[in-house]
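Asker:
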Amino acid sequence: MACFTSLKKDIKFLETKFPKAHDRFQVISASVDELTCRFVTRTGEKLLIHANITETYPHTPPIWFSESDDSTVSSAIEQLCDTTPENNNILRQIQLLLTQLCQFHDLPIPAEINTLDEALVAMNSTESHEMSEEEEDDDAEEDFHYEMEEDQSENKGREEYDGIDMENLVTLEKLKQNQRTDYLKGAVSGSVQATDRLMKELREIYRSDSFKSGAYSVDLVNDSLYDWNVKIFKVDPDSALHSDLTTYKQKEGKDHILLNLSFKDAFPFDPPFVRVINPVISGGYVLGGGAICMELLTKQGWSSAYSLESLIMQIVATLVKGKARIQFNSSKNQYSLARAQQSFKSLVQIHEKKGWFTPPKEDG
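Numbered according to my numbering, the sequence shown terminates at residue 420, and the numbering increases by one at each position without gaps.
#1: So, Pro327 versus Leu364, is the Cβ gap smaller than 8 angstroms?
#2: On the three-state DSSP scale, how would you describe Asn144?
#3: Where does Cys137 land, buried or exposed, given buried means 16+ other C-beta within 10 angstroms?
#4: Let's see if you can read the secondary structure: which residues bound the alpha helix (DSSP H) around Lys307?
#5: Given the structure, does Arg395 come close to the ligand MN, in the sense that its CB is under 7 angstroms from one of the ligand's heavy atoms?
#6: Between Trp358 and the rest of its own chain, which residues show a CB-CB distance below 6 angstroms, the 5 nearest in sequence each way excluded?
#7: Should Lys241 be labelled buried (16 or more other beta-carbon atoms within 10 Å of its own) or exposed?
#8: Nearest CA to the CA of Asp79: which residue from Ala132, Leu154, Leu147 and Asp125?
#9: Does the Cβ-Cβ distance between Gly340 and Leu375 come in under 8 angstroms?
#10: For the candidate residues Gly100, Ser245 and Leu314, whose alpha-carbon lies nearest to that of His161?
#11: Does DSSP put Thr72 in a helix, in a strand, or in coil?
#12: From the DSSP output, in three-state form, read off Ala243 for me.
#13: Quick one: residues in its chain with C-beta nearer than 7 angstroms to the C-beta of Gln390, no 5 flanking neighbours on either side, listed in chain order?
#14: Can you list, in chain order, the residues of its chain with a C-beta nearer than 7 angstroms to that of Val244? Leave out the 5 residues immediately preceding and following it.
#15: Compute the Euclidean distance between the alpha carbons of Glu142 and Ser295, then round it to the nearest angstrom.
Take a look at the structure:
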(Lines of atoms letter the chains of each structure in order from A and count residues from 1; the text may use other names and numbers.)
(Lines give C-alpha, C1' and ligand atoms only; values in the text may rest on other atoms or scores of the structure.)
Protein backbone atom coordinates (compact mmCIF):
# COMPACT_ATOMS: atom_id res chain seq x y z
CA MET A 1 0.00 0.00 0.00
CA ALA A 2 3.02 2.31 0.15
CA CYS A 3 2.76 3.19 -3.54
CA PHE A 4 -0.95 3.90 -3.12
CA THR A 5 -0.30 6.17 -0.15
CA SER A 6 2.48 8.00 -1.98
CA LEU A 7 0.24 8.52 -5.01
CA LYS A 8 -2.48 10.08 -2.88
CA LYS A 9 0.05 12.47 -1.32
CA ASP A 10 1.38 13.43 -4.75
CA ILE A 11 -2.11 14.17 -6.05
CA LYS A 12 -2.95 16.30 -3.03
CA PHE A 13 0.30 18.17 -3.55
CA LEU A 14 -0.58 18.85 -7.20
CA GLU A 15 -4.04 20.09 -6.26
CA THR A 16 -2.45 22.49 -3.77
CA LYS A 17 0.18 23.87 -6.16
CA PHE A 18 -2.06 24.03 -9.25
CA PRO A 19 -5.59 24.89 -8.09
CA LYS A 20 -8.42 25.71 -10.47
CA ALA A 21 -7.62 29.40 -10.07
CA HIS A 22 -4.01 29.09 -11.28
CA ASP A 23 -3.38 31.36 -14.25
CA ARG A 24 -1.41 28.82 -16.31
CA PHE A 25 -1.96 25.23 -15.22
CA GLN A 26 -4.94 23.87 -13.27
CA VAL A 27 -5.80 20.51 -11.77
CA ILE A 28 -9.52 20.24 -12.50
CA SER A 29 -10.20 16.84 -10.96
CA ALA A 30 -8.03 14.17 -9.44
CA SER A 31 -8.28 10.66 -8.06
CA VAL A 32 -5.97 7.71 -7.59
CA ASP A 33 -6.78 6.43 -11.07
CA GLU A 34 -7.55 9.52 -13.11
CA LEU A 35 -6.30 13.10 -13.42
CA THR A 36 -7.76 15.94 -15.49
CA CYS A 37 -5.79 19.15 -15.87
CA ARG A 38 -6.03 22.32 -17.94
CA PHE A 39 -3.34 24.39 -19.62
CA VAL A 40 -4.17 28.04 -20.33
CA THR A 41 -2.46 29.51 -23.40
CA ARG A 42 -1.31 33.09 -23.91
CA THR A 43 -4.60 33.89 -25.67
CA GLY A 44 -6.66 32.39 -22.87
CA GLU A 45 -7.51 29.16 -24.70
CA LYS A 46 -8.05 26.32 -22.25
CA LEU A 47 -6.65 22.93 -23.26
CA LEU A 48 -7.94 19.92 -21.32
CA ILE A 49 -5.54 17.01 -20.82
CA HIS A 50 -6.31 13.71 -19.12
CA ALA A 51 -4.20 11.00 -17.50
CA ASN A 52 -5.27 7.50 -16.53
CA ILE A 53 -3.21 5.93 -13.75
CA THR A 54 -3.26 2.17 -14.16
CA GLU A 55 -2.86 -0.61 -11.60
CA THR A 56 0.77 -1.00 -12.74
CA TYR A 57 1.78 2.54 -11.65
CA PRO A 58 4.55 3.51 -10.91
CA HIS A 59 6.11 0.64 -12.83
CA THR A 60 4.44 2.14 -15.89
CA PRO A 61 3.72 5.84 -16.44
CA PRO A 62 0.26 7.40 -16.51
CA ILE A 63 -1.48 7.15 -19.88
CA TRP A 64 -2.08 10.64 -21.28
CA PHE A 65 -4.68 11.69 -23.85
CA SER A 66 -6.63 14.75 -24.91
CA GLU A 67 -9.62 15.52 -27.10
CA SER A 68 -7.93 18.77 -28.13
CA ASP A 69 -6.71 19.15 -31.72
CA ASP A 70 -3.91 21.46 -30.59
CA SER A 71 -0.64 20.15 -32.03
CA THR A 72 1.39 21.28 -29.02
CA VAL A 73 -0.65 19.05 -26.74
CA SER A 74 -0.14 16.07 -29.05
CA SER A 75 3.59 16.73 -29.19
CA ALA A 76 3.87 17.05 -25.42
CA ILE A 77 1.98 13.80 -24.88
CA GLU A 78 4.14 12.00 -27.43
CA GLN A 79 7.26 13.10 -25.56
CA LEU A 80 5.82 11.82 -22.29
CA CYS A 81 5.40 8.38 -23.91
CA ASP A 82 9.15 8.30 -24.56
CA THR A 83 10.28 8.99 -21.01
CA THR A 84 12.43 6.59 -19.00
CA PRO A 85 11.14 4.63 -15.97
CA GLU A 86 12.60 7.07 -13.44
CA ASN A 87 10.18 9.67 -14.84
CA ASN A 88 7.04 7.58 -14.31
CA ASN A 89 6.05 9.42 -11.13
CA ILE A 90 3.02 11.69 -11.58
CA LEU A 91 4.90 14.72 -10.22
CA ARG A 92 7.69 14.26 -12.75
CA GLN A 93 5.15 13.68 -15.51
CA ILE A 94 3.35 16.94 -14.70
CA GLN A 95 6.67 18.75 -14.53
CA LEU A 96 7.67 17.49 -17.98
CA LEU A 97 4.24 18.16 -19.45
CA LEU A 98 3.99 21.71 -18.15
CA THR A 99 7.57 22.55 -19.12
CA GLN A 100 7.04 21.31 -22.67
CA LEU A 101 3.75 23.16 -23.11
CA CYS A 102 5.25 26.42 -21.84
CA GLN A 103 8.19 26.03 -24.21
CA PHE A 104 5.91 25.27 -27.17
CA HIS A 105 3.84 28.38 -26.43
CA ASP A 106 6.86 30.55 -25.57
CA LEU A 107 5.58 31.20 -22.06
CA PRO A 108 7.50 31.50 -18.76
CA ILE A 109 7.53 28.32 -16.71
CA PRO A 110 5.50 28.72 -13.48
CA ALA A 111 7.53 28.96 -10.29
CA GLU A 112 5.62 26.00 -8.85
CA ILE A 113 7.69 23.73 -11.09
CA ASN A 114 10.60 24.08 -8.66
CA THR A 115 8.45 22.85 -5.79
CA LEU A 116 7.84 19.64 -7.73
CA ASP A 117 11.59 19.01 -7.72
CA GLU A 118 11.68 19.55 -3.97
CA ALA A 119 8.78 17.16 -3.47
CA LEU A 120 10.45 14.50 -5.60
CA VAL A 121 13.67 14.76 -3.61
CA ALA A 122 11.74 14.46 -0.35
CA MET A 123 9.78 11.51 -1.70
CA ASN A 124 12.92 9.66 -2.78
CA SER A 125 14.53 10.15 0.62
CA THR A 126 11.65 8.46 2.44
CA GLU A 127 10.59 5.95 -0.23
CA SER A 128 12.41 2.95 1.23
CA HIS A 129 10.85 3.57 4.63
CA GLU A 130 7.35 3.91 3.18
CA MET A 131 7.67 0.76 1.11
CA SER A 132 8.24 -1.27 4.29
CA GLU A 133 4.95 -0.16 5.88
CA GLU A 134 1.36 -1.25 5.32
CA GLU A 135 -0.96 1.67 6.00
CA GLU A 136 -4.69 1.83 6.36
CA ASP A 137 -6.12 4.27 3.80
CA ASP A 138 -9.89 3.81 4.04
CA ASP A 139 -10.36 7.02 6.02
CA ALA A 140 -8.81 9.09 3.24
CA GLU A 141 -10.84 7.65 0.38
CA GLU A 142 -13.58 10.29 0.70
CA ASP A 143 -11.12 12.91 -0.56
CA PHE A 144 -11.26 11.39 -4.01
CA HIS A 145 -14.01 11.12 -6.60
CA TYR A 146 -13.63 7.40 -7.25
CA GLU A 147 -12.76 4.42 -5.09
CA MET A 148 -9.85 2.17 -5.95
CA GLU A 149 -9.94 -1.58 -5.46
CA GLU A 150 -7.39 -1.96 -2.67
CA ASP A 151 -7.45 -5.74 -2.68
CA GLN A 152 -5.83 -5.93 -6.10
CA SER A 153 -2.11 -6.52 -5.86
CA GLU A 154 0.46 -4.78 -8.02
CA ASN A 155 1.61 -8.09 -9.45
CA LYS A 156 -1.89 -8.89 -10.64
CA GLY A 157 -2.13 -5.48 -12.27
CA ARG A 158 1.17 -5.94 -14.07
CA GLU A 159 0.12 -9.35 -15.36
CA GLU A 160 -3.19 -7.96 -16.58
CA TYR A 161 -1.53 -5.41 -18.84
CA ASP A 162 1.72 -7.17 -19.60
CA GLY A 163 2.47 -7.45 -23.31
CA ILE A 164 0.03 -4.73 -24.41
CA ASP A 165 1.44 -1.74 -26.29
CA MET A 166 0.76 1.85 -25.28
CA GLU A 167 -1.83 2.60 -28.00
CA ASN A 168 -4.01 -0.29 -26.91
CA LEU A 169 -3.50 0.49 -23.23
CA VAL A 170 -4.95 3.92 -23.98
CA THR A 171 -8.01 2.24 -25.53
CA LEU A 172 -8.49 0.05 -22.45
CA GLU A 173 -8.15 3.00 -20.09
CA LYS A 174 -10.62 5.07 -22.10
CA LEU A 175 -13.11 2.22 -21.87
CA LYS A 176 -12.68 2.09 -18.10
CA GLN A 177 -13.13 5.85 -17.88
CA ASN A 178 -16.31 5.70 -19.98
CA GLN A 179 -17.67 2.93 -17.78
CA ARG A 180 -17.07 5.00 -14.64
CA THR A 181 -18.66 8.06 -16.23
CA ASP A 182 -21.73 6.09 -17.32
CA TYR A 183 -22.03 4.61 -13.84
CA LEU A 184 -21.96 8.03 -12.19
CA LYS A 185 -24.57 9.30 -14.65
CA GLY A 186 -26.78 6.26 -14.07
CA ALA A 187 -26.53 5.41 -17.75
CA VAL A 188 -24.82 2.03 -17.58
CA SER A 189 -25.18 -0.01 -20.75
CA GLY A 190 -24.74 -3.74 -21.07
CA SER A 191 -24.31 -6.12 -18.15
CA VAL A 192 -21.54 -6.55 -15.62
CA GLN A 193 -20.78 -10.10 -16.78
CA ALA A 194 -20.64 -9.12 -20.45
CA THR A 195 -18.55 -6.00 -19.84
CA ASP A 196 -16.04 -7.83 -17.66
CA ARG A 197 -15.68 -10.68 -20.14
CA LEU A 198 -15.36 -8.36 -23.15
CA MET A 199 -12.65 -6.35 -21.39
CA LYS A 200 -10.81 -9.59 -20.65
CA GLU A 201 -11.19 -10.77 -24.25
CA LEU A 202 -9.91 -7.46 -25.59
CA ARG A 203 -6.87 -7.57 -23.32
CA GLU A 204 -6.09 -11.12 -24.47
CA ILE A 205 -6.41 -10.08 -28.11
CA TYR A 206 -4.12 -7.07 -27.63
CA ARG A 207 -1.37 -9.31 -26.27
CA SER A 208 -1.86 -12.18 -28.76
CA ASP A 209 0.74 -13.03 -31.40
CA SER A 210 -1.82 -13.13 -34.22
CA PHE A 211 -2.99 -9.62 -33.44
CA LYS A 212 0.53 -8.26 -33.06
CA SER A 213 1.64 -9.87 -36.32
CA GLY A 214 -1.11 -8.07 -38.21
CA ALA A 215 -3.29 -11.08 -39.04
CA TYR A 216 -6.30 -9.04 -37.97
CA SER A 217 -7.23 -5.85 -36.16
CA VAL A 218 -10.08 -4.81 -33.86
CA ASP A 219 -11.77 -1.40 -33.82
CA LEU A 220 -14.56 -0.48 -31.41
CA VAL A 221 -17.47 1.15 -33.22
CA ASN A 222 -18.14 4.53 -31.56
CA ASP A 223 -15.91 3.39 -28.67
CA SER A 224 -18.52 0.75 -27.77
CA LEU A 225 -17.24 -2.40 -26.10
CA TYR A 226 -20.31 -4.18 -27.48
CA ASP A 227 -19.73 -3.42 -31.17
CA TRP A 228 -16.50 -4.54 -32.88
CA ASN A 229 -15.25 -4.12 -36.42
CA VAL A 230 -12.66 -6.80 -37.17
CA LYS A 231 -10.41 -6.49 -40.22
CA ILE A 232 -9.00 -9.76 -41.56
CA PHE A 233 -5.68 -9.08 -43.30
CA LYS A 234 -4.18 -12.56 -43.57
CA VAL A 235 -5.68 -15.80 -44.89
CA ASP A 236 -4.10 -19.04 -46.15
CA PRO A 237 -1.58 -17.86 -48.78
CA ASP A 238 -2.39 -20.91 -50.93
CA SER A 239 -6.10 -20.07 -51.09
CA ALA A 240 -8.02 -18.36 -53.87
CA LEU A 241 -9.24 -15.86 -51.27
CA HIS A 242 -5.65 -14.74 -50.67
CA SER A 243 -5.25 -14.09 -54.39
CA ASP A 244 -8.56 -12.19 -54.42
CA LEU A 245 -7.42 -9.98 -51.54
CA THR A 246 -4.33 -9.04 -53.54
CA THR A 247 -6.53 -8.08 -56.49
CA TYR A 248 -8.91 -6.27 -54.13
CA LYS A 249 -6.07 -4.06 -52.93
CA GLN A 250 -4.99 -3.30 -56.50
CA LYS A 251 -8.50 -2.50 -57.71
CA GLU A 252 -10.07 -0.77 -54.71
CA GLY A 253 -7.18 0.02 -52.39
CA LYS A 254 -8.48 -2.24 -49.60
CA ASP A 255 -6.48 -5.13 -48.19
CA HIS A 256 -8.87 -6.76 -45.74
CA ILE A 257 -12.22 -8.42 -45.14
CA LEU A 258 -14.30 -6.37 -42.72
CA LEU A 259 -16.40 -8.26 -40.17
CA ASN A 260 -18.72 -6.87 -37.53
CA LEU A 261 -19.22 -8.59 -34.17
CA SER A 262 -22.08 -7.32 -32.00
CA PHE A 263 -22.61 -8.49 -28.43
CA LYS A 264 -25.65 -8.54 -26.15
CA ASP A 265 -25.99 -8.43 -22.38
CA ALA A 266 -26.09 -12.24 -22.19
CA PHE A 267 -22.53 -12.63 -23.56
CA PRO A 268 -20.56 -14.86 -23.02
CA PHE A 269 -23.46 -17.28 -22.61
CA ASP A 270 -24.90 -16.17 -25.96
CA PRO A 271 -22.67 -15.87 -29.04
CA PRO A 272 -21.99 -12.58 -30.81
CA PHE A 273 -23.81 -11.86 -34.05
CA VAL A 274 -21.21 -11.91 -36.82
CA ARG A 275 -21.56 -10.62 -40.37
CA VAL A 276 -19.40 -9.59 -43.28
CA ILE A 277 -19.63 -5.88 -44.10
CA ASN A 278 -17.37 -5.88 -47.17
CA PRO A 279 -16.36 -7.05 -49.67
CA VAL A 280 -19.23 -9.12 -51.08
CA ILE A 281 -18.23 -12.78 -50.89
CA SER A 282 -19.53 -15.90 -52.58
CA GLY A 283 -18.91 -19.29 -51.01
CA GLY A 284 -17.14 -19.52 -47.67
CA TYR A 285 -20.51 -20.22 -46.01
CA VAL A 286 -21.36 -16.50 -46.25
CA LEU A 287 -25.11 -15.97 -46.59
CA GLY A 288 -27.10 -13.26 -48.27
CA GLY A 289 -26.78 -10.04 -46.33
CA GLY A 290 -23.38 -11.08 -45.00
CA ALA A 291 -24.27 -13.51 -42.21
CA ILE A 292 -22.06 -16.60 -41.78
CA CYS A 293 -23.31 -20.19 -41.69
CA MET A 294 -21.60 -21.66 -38.63
CA GLU A 295 -23.15 -23.73 -35.86
CA LEU A 296 -20.56 -22.14 -33.59
CA LEU A 297 -22.43 -18.83 -33.94
CA THR A 298 -25.74 -20.24 -32.67
CA LYS A 299 -26.90 -20.79 -29.10
CA GLN A 300 -26.85 -24.51 -29.81
CA GLY A 301 -23.23 -24.58 -30.91
CA TRP A 302 -21.76 -21.80 -28.80
CA SER A 303 -19.90 -22.25 -25.52
CA SER A 304 -19.02 -19.53 -23.03
CA ALA A 305 -15.55 -21.10 -22.88
CA TYR A 306 -14.71 -20.00 -26.43
CA SER A 307 -12.36 -17.05 -26.73
CA LEU A 308 -13.05 -14.32 -29.26
CA GLU A 309 -9.64 -14.71 -30.87
CA SER A 310 -10.31 -18.41 -31.47
CA LEU A 311 -13.68 -17.44 -32.95
CA ILE A 312 -12.04 -14.96 -35.33
CA MET A 313 -9.47 -17.53 -36.39
CA GLN A 314 -12.23 -20.12 -36.89
CA ILE A 315 -14.15 -17.74 -39.14
CA VAL A 316 -11.05 -17.18 -41.25
CA ALA A 317 -10.56 -20.94 -41.56
CA THR A 318 -14.22 -21.37 -42.51
CA LEU A 319 -13.98 -18.79 -45.29
CA VAL A 320 -10.99 -20.62 -46.77
CA LYS A 321 -12.51 -24.09 -46.24
CA GLY A 322 -15.67 -22.96 -48.01
CA LYS A 323 -13.65 -21.64 -50.98
CA ALA A 324 -14.72 -18.03 -50.44
CA ARG A 325 -14.22 -15.67 -53.38
CA ILE A 326 -14.59 -11.90 -53.60
CA GLN A 327 -17.30 -10.75 -56.02
CA PHE A 328 -15.75 -7.66 -57.56
CA ASN A 329 -18.75 -6.67 -59.69
CA SER A 330 -21.40 -7.02 -57.01
CA SER A 331 -23.42 -4.13 -55.60
CA LYS A 332 -21.73 -2.57 -52.59
CA ASN A 333 -25.16 -2.26 -50.94
CA GLN A 334 -25.82 -5.99 -51.08
CA TYR A 335 -24.95 -6.51 -47.42
CA SER A 336 -26.90 -4.97 -44.54
CA LEU A 337 -27.57 -5.72 -40.89
CA ALA A 338 -31.29 -6.34 -41.45
CA ARG A 339 -30.68 -8.78 -44.33
CA ALA A 340 -27.94 -10.56 -42.42
CA GLN A 341 -30.17 -11.01 -39.36
CA GLN A 342 -33.07 -12.30 -41.44
CA SER A 343 -30.98 -14.79 -43.41
CA PHE A 344 -29.29 -16.07 -40.26
CA LYS A 345 -32.64 -16.48 -38.51
CA SER A 346 -33.96 -18.53 -41.44
CA LEU A 347 -30.76 -20.59 -41.49
CA VAL A 348 -31.06 -21.45 -37.80
CA GLN A 349 -34.67 -22.52 -38.21
CA ILE A 350 -33.75 -24.85 -41.07
CA HIS A 351 -30.81 -26.43 -39.26
CA GLU A 352 -32.79 -26.87 -36.06
CA LYS A 353 -35.09 -29.16 -38.03
CA LYS A 354 -32.55 -30.92 -40.25
CA GLY A 355 -29.33 -30.68 -38.26
CA TRP A 356 -26.02 -29.08 -39.14
CA PHE A 357 -24.06 -30.43 -42.05
CA THR A 358 -22.26 -27.52 -43.69
CA PRO A 359 -19.94 -26.74 -42.05
CA PRO A 360 -19.70 -29.20 -39.14
CA LYS A 361 -19.11 -27.53 -35.82
CA GLU A 362 -15.65 -29.03 -35.31
CA ASP A 363 -14.50 -27.82 -38.73
CA GLY A 364 -16.01 -24.35 -38.46
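Glycine residues also receive a C-beta, built at the ideal position from the N, C-alpha and C atoms.
Answerer: To lay it out plainly:
#1: The residue you call residue 327 lines up with position 271 of the sequence shown. The residue you call residue 364 lines up with position 308 of the sequence shown. In this structure, Leu364 does not lie closer than 8 angstroms to Pro327 by Cβ.
#2: Taking the first residue of the sequence shown as position 1, residue 144 is located at position 88. Asn144: coil per DSSP, three-state reduction.
#3: If you number the sequence shown from 1, residue 137 lands on position 81. So Cys137 ends up on the exposed side.
#4: One-based indexing of the sequence shown puts residue 307 at position 251. Residues Ala296 to Glu308.
#5: This structure simply doesn't include the ligand MN, nor any ligand for that matter.
#6: Within the sequence shown, numbered from 1, the residue matching residue 358 stands at position 302. Within the same chain, Trp358 has close Cβ partners Pro327.
#7: Taking the sequence shown and counting its residues from 1, the one referred to as residue 241 is at position 185. So Lys241 ends up on the exposed side.
#8: For the purposes of this step, residue 79 is taken as residue 23 along the sequence shown, with counting starting at 1. Checking every option, the nearest Cα to that of Asp79 belongs to Leu154.
#9: Position 284 of the sequence shown, counting from 1, holds the residue named residue 340. Position 319 of the sequence shown, counting from 1, holds the residue named residue 375. In this structure, Leu375 lies closer than 8 angstroms to Gly340 by Cβ.
#10: Here residue 161 refers to the residue found at position 105 of the sequence shown. When each option's Cα is compared against that of His161, the closest is Gly100.
#11: Taking the sequence shown and counting its residues from 1, one reaches residue 72 at position 16. Three-state result, Thr72: helix.
#12: In the sequence shown, residue 243 corresponds to position 187, counting from 1. In the structure shown, Ala243 falls within a coil segment according to DSSP collapsed to helix, strand and coil.
#13: Taking the first residue of the sequence shown as position 1, residue 390 is located at position 334. Scanning its chain for C-beta atoms nearer than 7 angstroms, with the 5 sequence neighbours on each side dropped, one finds around Gln390 the residues Val336, in chain order.
#14: The residue labelled residue 244 in the question sits at position 188 within the sequence shown. Cβ within range, chain order: Asp238.
#15: Along the sequence shown, read from residue 1 onward, the residue named residue 142 stands at position 86. Along the sequence shown, read from residue 1 onward, the residue named residue 295 stands at position 239. Going from the Cα of Glu142 to the Cα of Ser295 covers about 50 angstroms.
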